[in-house]
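Per our numbering, the sequence shown runs over residues 1 to 480.
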Amino acid sequence: FCTAVGVDHSMETLLRTDPEKYGYQAGLSRLQRFLSKIQYDWSLRDYIGRKVFEGGYVRLQPNIFSSSLTERLFHACCSLDYVEARRAAEHRRKLLSGEVDDTAYNRRMAEPQFRLVQEANVIHVDFLWSLHCFNPRPFRAIEVYRRVWEEADLDLLEDEPDMQPVPRTPMPAPLWMKLPGGRFGTAYDGLTDTLPLMTYFDGQADPRASRSLKTGESSSVVVAFEEEDELTVEEDTASWIIWHEYDGLRQRIADGEFTPTTAAQYLLRYGAVRISKGKGAVYHRLAQRGQTFSRLGIGDRVSLPELVASRRFKILSDSAYRQVVARKLRGQIKKFRFWACVAACVQLHVHNKTALGERILTLLEGEREQQQGAIQAKLKAGMMDAVLTLCNQRLRVKENTNQPEEFRYYRAVRARFMRHLSECLKPENGGVIRDVIWELRVLSSAHGTTKTGFYYVDSNRPTAKGLLNRLLMRMVKQVV
């Protein structure tokens, strides 16, 4: 809808001169006028920024439409679709009964002339609302959509004719709010999904159950999702969720069982929404942002003046924030100069091979060896676990030959074993594989009685030793 002009005079002329022919567009014209009148009403905008700036501050300045206004516009669009569908159905009835002539125009008008909100759009909107925690109730878009089409609960913007256009004014200067903690997110929010870890052994290793995303210096296990070249919604799945799955979710939503982000995770897990390739971490951060503000009770349902007056958070004017950033930058420059001098001094002593320089080199070498030792110890533990898990699952498959899921899990375990083996065979980790081979020789020896903690390995010792010997020979060949 174009809001570059206040009134679409061409549309108004058509509606006034030939209402019978163009009357079906009256609702669209009203929606366009409504948007034109409110486009400079800054109180109807969301004001919370999406980025954390220097010092852990978030910008507070009007940007997109607020969640309540967005919901009303969505409701209005669905209502216009409903009214147009009823008009077309009535016109078709008249055409079939002979009340109107059978002409090309009447046959065309017997079909809806527009559809603003398709079922795939409903799921797309629900996904975005849930991702940003726009509404405390998940699946709100489905709820509104079904209210319109099942109960004829309409919002046709009847208040628009009485509204006065809001004069054009400059956008208010930004304020800056200190974010508690200085960042968004924890290890257990966003799209993080602990369900596979609780219900599925090694669920984090199966892409059908979960995904692993690199988030900064660590990784997070998030809900399983599918990827496309761009964000897409599966139309058939969207229809099924709206008209069938939602019936089972409605009461659980009313009981407060779900959090706002539940809808986004549900739609990703279900495969209804497929996100853009390589954008998983972006959506994870967006969900973390929405949940952070939801926990803090910050949102556009609380007006900006109310938030400032509450004094719950440190809020600075634009000029005051610029002064804070300037002081911080000056401090960082001083710190950089200090450490640059320290680094130059160290390099001087190392280059001249002084006693202090030799001591520094010795300490650095010790730290490097300690770090490498910790890495190799972790690799060794992981390799031993992979070997014993593989043996245990192989023995388990022999006892459960009629269960295909056991074979699928065995293949996953075997793939993990091969990944660990390839990592241990790297030149810098040469000592790890030798330590693992030695421990396996002890376990598979004729007199080995050490308990491993793996049920099938410990209870079928002779068979397990045979499997361990075969794996041992395989690893020896790889080393040789």
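Even glycine gets a Cβ: it sits at the ideal position worked out from N, Cα and C.
Just so you know, these numbers come straight off a predicted model, no measurement behind them.
Hey, residue i and residue j: beta-carbon distance below 8 Å or not?
i    : j    : result
R140 : E245 : no
G271 : L213 : no
L131 : G290 : yes
E423 : L379 : yes
K328 : G55  : yes
D46  : S29  : no
R137 : I315 : no
R87  : G190 : no
R368 : I242 : no
D318 : I48  : no
C133 : P260 : yes
P161 : K37  : no
F127 : A343 : no
F313 : M177 : yes
N460 : Q376 : no
F65  : R59  : no
L443 : L467 : no
A412 : D206 : yes
Y40  : P174 : no
F184 : Q251 : no
Going straight from the alpha carbon of residue i to that of residue j, what length do you get?
i    : j    : result
D155 : H75  : 6 Å
W438 : L471 : 12 Å
D81  : L116 : 6 Å
Q371 : K51  : 35 Å
E111 : P62  : 40 Å
Q403 : E151 : 48 Å
V100 : N106 : 7 Å
R451 : L364 : Looking at the sequence provided, one finds Lys at residue 451 rather than Arg. Cα-Cα distance, rounded: 39 Å.
G23  : N135 : 35 Å
E12  : E306 : 40 Å
A209 : W149 : 35 Å
Y57  : R311 : 15 Å
A85  : Q118 : 13 Å
T215 : Y188 : 12 Å
L249 : E143 : 11 Å
R416 : T362 : 38 Å
H349 : E358 : 8 Å
L96  : L197 : 60 Å
L440 : V432 : 12 Å
W129 : A104 : 42 Å
R330 : F336 : 10 Å
L195 : V221 : 10 Å
What does DSSP give as the partner residues of residue i in its beta bridges?
i    : result
F407 : Answer is none; F407 lacks a bridge partner.
Y57  : F53, K178
K214 : S219
L316 : W176
V233 : V273
T199 : For T199, which the question treats as bridged, DSSP gives no partner whatsoever.
I48  : L60
E228 : S276
F65  : R45
Excluding the 5 residues flanking residue i on each side, which residues of the same chain have their C-beta closer than 7 Å to its C-beta?
i    : result
S219 : S212, L213
A26  : L15
Y410 : Q393, R394, V397
L69  : L44
V346 : I360
Y283 : L131, L191, I275
I123 : V233, A238, I241, L267, A272, V273
T463 : L395
R414 : L390
Determine, for residue i, whether the minimum Cβ-Cβ distance to residues of chain C falls below 8 Å.
i    : result
A340 : The chain inventory of the structure shown lacks chain C, comprising one protein chain alone.
Excluding sequence positions up to five away, which residues of its chain have a Cβ less than 6 Å from the Cβ of residue i?
i    : result
L268 : V223, F225
D8   : Q32
A120 : V233, E235, A238
M109 : H91
G256 : none
Near residue i, which residues of its chain fall below 8 Å by C-beta distance, leaving aside the five closest residues on each side in sequence?
i    : result
Y455 : N392
W42  : P62, T169, M171, P172
V436 : K380, M383, M384, V387, C424, M475
D153 : R147
F407 : V397
Y200 : D206, A209
* Evaluate the contact criterion for the segment 88-97 versus the segment 30-37: three or more CB pairs, one atom per stretch, below 8 Å. => Fewer than three Cβ pairs drawn from the segment 88-97 and the segment 30-37 lie within less than 8 Å of each other, which leaves the two stretches out of contact.
* Do the segment 289-303 and the segment 227-239 make contact, defined as three or more Cβ pairs closer than 8 Å? -> no
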